[in-house]
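Below you'll find the structure, written out as structure tokens, and then a few comments.
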Amino acid sequence: MINRRTSLQIALAGVSLAALGVPALAQTGPIKIGFHAPLTGFAAADGKSAQLGAELAVAQANAAGGIGGRKIELDIIDDQGKPEQGVPVANRFISEKYPVVVSGSYSGPTRAAAPVFHGAGVPYISSYAIHPDITRSGNYVFRTSFMGEVQGRAGAKLVGELLGKKNVAVITVNNDFGQALASGFKEAAPKFGVSIIKEYFFGMPDRQFGPLVASVKADNPEAIYASGYFFNAGPLVAQLRGAGITVPIIGQEGYDGQKFIEIAGKAAEGVIITTSLDRDSKAPEAVAFISEFEKANPGVKVDMVAASTHTATRVALEALKKVGIADRAKIREAIAATNLEASTGRISFNKLGEVKKSVQNQIVKDGRWRHHSVIDDPVLLAPPES
Amino acid sequence: MGSYELSLVTLAAIYVMLALSLNLITGFCGQISLGHAAFFGAGAYAAALLTKSGWPLAPALVSGAVLAAAFGFVVGLASLRVRHDFLAITTMGVGFLFIGFVRKQQGLGGELGLSGIPDHGLGPWGLAALTVTLAAATAALSLHIRRVWAGQAFAAIADDEDTARALGIDVMRYKLTAFVLGTALAGLAGGLFAHFTRFIIPDAFGFTVSISILAMVIIGGIGSTWGVLAGAVILTLMPELFRFINDYKLLLYGGLLLLVMRFAPGGLAGGIAALTARLRGAT
Amino acid sequence: MLHVELTIQGLINGSMYALMAVGLTLVYGLLRILHVAHAGLYTLGAYIAVLIANATGSLALGAAVAIPVVGLAGMIVYRLLYEPILHRPPYVALIASIGLFIVMEESYRLIFGPYGETFNAPYLAERVSVGPIGAKAAEVAMVAGAIVLLGVLAFLSKRTRFGIAWRATVTDPAMARAFGVDTIAVRYANFFIASALAASAAVLVAVLNNLVEPTMGSVPSYKTLAIIVLGGLGNVAGTLVAALALGVIEAFGTIYIGHLLDRDAIAFLFLVLVLMIRPQGLFAAR
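Residue numbers (our numbering), protein chains in the order written: chain H, 24 to 409; chain R, 23 to 305; chain G, 4 to 289.
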């Protein structure tokens with residue numbers, strides 16, 4: 024196995040790399056599971072959080088005795104957030120015969136890898152990629168986070184029903200996440216009496232929103248629903264508030280993290296988001312996750328990506344604990360039957376492999392994310408069954 | 023070979039086609055393009071849409087190549103008007119226009135891209151064999167073009183367009199030929215890519231991809247078919263070889279570009295030529 | 004009213020583009036290099052400023068260190084990277100520069116982490132208004148900074164011995180040498196000034212966004228290339244006009260056709276249209 028790969032590399036590239044050695048799955052050594060995340064490239068910050076979340080789940084499982092007395096090890100691969108990396112990454116993990124693989128990555132690589140894993144009969148769990156078709160790749164594919172559309176619908180309920188705001192400006196980030204959120208929001212908006220005054224768009228690398236802010240101000244909306252990640256939502260919120268716009272700003276899990284508050288400063292106060300992690304949760308799982316994560320990673324605050332990846336990794340490990348590592352069809356069944364209290368709530372899956380759980384609304388108060396409300400409406404939040 | 027190795031072979035062959043196709047334009051004809059990924063993307067989207075609507079693979083791939091070539095013809099016309107660094111930045115603009123347009127087209131899946139692209143039905147061996155064959159054919163075509171009269175005319179244009187014109191070479195015809203051929207092959211590579219990943223999004227055809235294709239050409243040795251071929255294979259497989267240093271992979275890639283240009287500006291081909299010349303001199 | 008605000012916001016963004024692009028066009032004018040790594044030096048300036056400001060509590064000190072240090076770094080890049088390959092075809096320097104840019108971005112990520120740095124106490128976040136028109140203080144500082152710095156540059160080039168030497172070297176290096184101009188010193192000075200301008204832009208942007216990230220140079224790395232081409236490659240005044248024009252076009256474009264094309268595509272649509280009509284840019288280089 025090792026020799027064959029190495030010789031191929033020599034043949035193709037004329038480069039010899041004796042240092043490369045990935046031990047095949049041994050019967051007595053540690054149990055390895057595959058994990059990929061964007062450690063370099065545009066999404067490196069989320070990749071880092073994902074890695075830390077997954078590593079914590081593994082460390083906790085090892086501290087609790089591992090699986091059948093054997094330690095667990097993550098085989099981590101960087102996919103740079105690129106879809107074309109998805110296929111080789113998937114094939115590489117498949118050839119290592121890992122019992123289960125977790126994606127800590129974006130939709131690009133995850134969507135491309137999913138059908139390959141399904142085809143090879145390897146259970147595959149996506150932590151936070153939102154592309155609607157990921158789980159449609161087949162029944163070996165699961166997702167432990169909300170689909171973008173589901174979260175968008177929750178956002179509409181939060182704005183229209185919980186906050187009672189009707190005229191809303193929508194600001195959408197130009198990527199799959201933003202598009203999915205906006206489409207869910209627009210779909211559910213009429214149900215809650217919300218009308219959309221205008222939709223604006225911005226790009227992933229944008230940090231300056233002067234023109235957009237000026238135009239939103241002229242629209243005079245009652246609330247603003249803005250998708251984005253902490254690195255563009257932070258400056259966006261600061262600039263909206265800086266322009267004297269005081270109406271509620273509603274975000275979602277892309278904001279979720281202490282960095283957003285650091286960037287936006289005082290402007291972050293009062294921003295409400297739909298997300299998966301409740302900082303004020305009394306649930307021992309969430310409390311333990313938050314404290315152990317921050318203990319293991321001094322200087323890094325928990326965020327949604329870390330929590331979601333921690334959850335997905337735990338779902339994988341729980342299944343292995345139940346049925347062992349020998350039979351991947353059984354592992355798949357064990358995952359499908361998951362009923363686990365994790366840091367992001369109680370996790371169970373529907374027929375398609377989509378998670379069923381409630382949406383946690385968090386608000387920024389005194390520079391921290393705090394509990395605001397919960398949306399637990401099984402009809403509104405129902406992910407598609409096929 | 024397992025499916026992992028086969029997927030690397032397939033990916034490398036696709037990048038060989040891409041790099042050689044750019045080499046036709048940039049290496050043989052001297053027209054620096056910073057937007058080659060747009061043609062790759064045009065072919066990918068066209069072929070994927072067609073097989074999704076029920077077309078067989080072969081005509082879909084050909085149609086993708088034709089569409090990319092039509093698009094390439096238009097940009098070729100622009101290259102008659104805008105020259106040198108102005109052309110380089112114009113092609114870069116074409117690349118940004120392409121993905122900026124595609125990401126807003128709901129018919130092309132918008133930001134969610136096209137997923138559920140049908141299985142090519144060739145199996146991993148079949149797809150690898152097809153891409154390697156087409157990459158080899160592209161290399162043969164490159165060598166052939168280089169050899170025959172047309173290649174010499176291309177080279178004259180690459181060296182000095184005005185002199186070439188004075189010599190009575192029909193500069194316009196050759197530039198357009200280079201653009202059409204090069205972009206058609208990029209479109210073909212795009213169709214293969216779409217059926218390899220079976221999922222495409224606009225960002226897979228962005229500026230960084232254009233840069234990495236150009237880097238393959240220049241690291242390999244601009245104008246040299248064998249050099250570019252080797253450059254494409256090495257730069258495609260490098261991330262795989264350096265999996266064990268995940269975190270430093272891109273650093274290494276940047277460092278390689280920097281050091282090769284600094285110490286062997288002729289790329290691999292130039293470096294090897296210089297080395298053999300020195301060895302001959304020594305004996 | 005909205006249109007006035009959009010124009011102002013466009014000019015604010017354009018000022019940032021101008022500070023970045025003028026340095027780039029200075030390098031191009033002298034050496035015919037598309038200096039992509041300029042954006043890496045820009046990021047370096049932002050990191051130095053934010054780290055020093057957070058350590059000492061003084062943004063002024065951060066800027067005062069960042070600007071000359073980045074200027075020196077620019078000279079080092081010229082000496083170690085560009086000088087030995089100047090006689091090569093232009094794409095050699097372009098790819099080398101892209102390689103250096105990647106190395107710089109990755110180094111920042113590895114050294115400072117991927118999450119980015121923020122100021123402990125955000126600066127200039129308050130709003131400044133004149134009647135109904137207002138802007139963030141940091142935005143006003145951006146425009147004022149661009150006017151002052153580019154004004155100083157114009158003065159240097161028109162009224163000083165160095166400026167005369169510099170312009171002579173750009174026009175005809177051999178002739179300049181014959182008249183006793185130290186053309187090598189001019190090149191170093193050129194890199195120093197260009198890089199220092201980039202660092203100034205970076206400090207202002209860091210304050211404006213309250214965020215310094217490893218990838219903050221990625222958009223400027225290519226957008227400024229478009230601007231210097233629009234401005235006629237090497238034409239400083241043209242670059243200034245192109246930067247401001249692009250800022251305003253993006254401001255209106257993202258609001259009115261943002262659902263059809265993204266911001267970059269709007270900018271490059273403008274670029275391609277201009278070049279089809281005027282292949283040498285808005286203003287020909289001298």
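Backbone N, C-alpha and C fix where the C-beta goes; we use that ideal spot for every residue, glycine too.
The C-beta of H394 (chain H) comes no closer than 8 Å to any C-beta of chain R. Identification of residues in the stretch 149–179 of chain H having a C-beta nearer than 8 Å to some C-beta of chain R yields H154, P155, D156, R159, given in sequence order. Distances from the alpha-carbon of L83 (chain G) to those of G:A67, G:V53, G:L103 put G:L103 closest. The stretch 5–19 of chain G makes no contact with the stretch 188–199 of chain G; the number of CB pairs closer than 8 Å stays below 3. I295 (chain H) places its beta carbon 8 Å or farther from that of H394 (chain H).
One finds G24, S25, Y26 in chain R with Cβ atoms closer than 9 Å to the Cβ of I117 (chain H), taken in chain order. For A226 (chain R), the closest Cβ of chain H is nearer than 8 Å.
Against chain R, the beta carbon of I99 (chain H) has neighbours under 7 Å at N268, listed in chain order. Taking a 10 Å sphere around the C-beta of R220 (chain R), we find 16 or more other C-beta atoms and assign the residue as buried.
E109 (chain G): member of the alpha helix (DSSP H) spanning 93–115, first to last residue.
Bridge pairing for A249 (chain H): H:I194 [DSSP].
Beta bridge pairing from DSSP links G178 (chain H) with no other residue. Using a Cβ distance threshold of 8 Å, I386 (chain H) and V338 (chain H) do not count as a contacting pair. Under the three-state reduction of DSSP output, N384 (chain H) falls in the strand class. The three-state reading of DSSP puts E292 (chain H) in coil, since its state is none of H, G, I, E or B. One alpha carbon belongs to L62 (chain H), the other to G70 (chain H), and they sit about 5 Å apart. At a cut-off of 8 Å, the C-beta of E133 (chain R) has a neighbouring C-beta in chain H.
Burial state of E108 (chain G) is buried, judged by a 10 Å Cβ sphere holding 16 or more other Cβ atoms.
The beta carbon of I354 (chain H) is closer than 7 Å to those of P122, V123, P146, A342, L343, V346 in its chain, skipping five residues each way along the sequence. Taking 8 Å as the cut-off, the Cβ atoms of A152 (chain H) and T336 (chain H) do not count as close. The beta carbon of G241 (chain G) does not come within 8 Å of any beta carbon belonging to chain R, so the residue lies off that interface.
Cβ-Cβ distances below 6 Å link G137 (chain G) to R130 in the same chain, with the five nearest sequence neighbours on each side left out; the list follows chain order. Segment contact: the stretch 84–104 of chain G against the stretch 28–40 of chain G, three or more CB-CB distances shorter than 8 Å; contact assigned. Against M279 (chain G), the close residues of chain R are A100, R103, V104, in the order they occur along the chain (beta-carbon pairs closer than 8 Å). Between G209 (chain R) and G86 (chain R), the gap from beta carbon to beta carbon is short of 8 Å.
Using a CB distance cut-off of 8 Å, I230 (chain G) does not count as an interface residue toward chain H. Taking one beta carbon from each stretch, the stretch 222–236 of chain H and the stretch 188–197 of chain H have 3 or more pairs nearer than 8 Å; the two touch.
Pairing V382 (chain H) with A177 (chain H) gives a Cβ-Cβ distance under 8 Å. Contacts with chain H at 8 Å (Cβ-Cβ) do not include K197 (chain R). Neighbours of I240 (chain R) in chain H, taken as residues whose beta carbon is under 9 Å from its own, are absent, since the nearest beta carbon is some 18 Å off.
Not flagged as an interface residue toward chain G: R187 (chain R), since no C-beta distance is shorter than 8 Å.
Judged by pairs of C-beta atoms under 8 Å, the stretch 166–175 of chain H does not touch the stretch 100–111 of chain R, as fewer than three such pairs exist. Of all alpha-carbon atoms in R:L203, R:A157, R:A162, R:L152, the one lying nearest the alpha-carbon of F176 (chain R) is that of R:L203. C-alpha of D400 (chain H) to C-alpha of W392 (chain H): approximately 23 Å in a straight line. Here P53 (chain H) really is in contact with I95 (chain H); their C-beta atoms are around 6 Å apart, less than 8 Å.
According to the DSSP secondary-structure assignment, W147 (chain R) is paired through a beta bridge with no residue.
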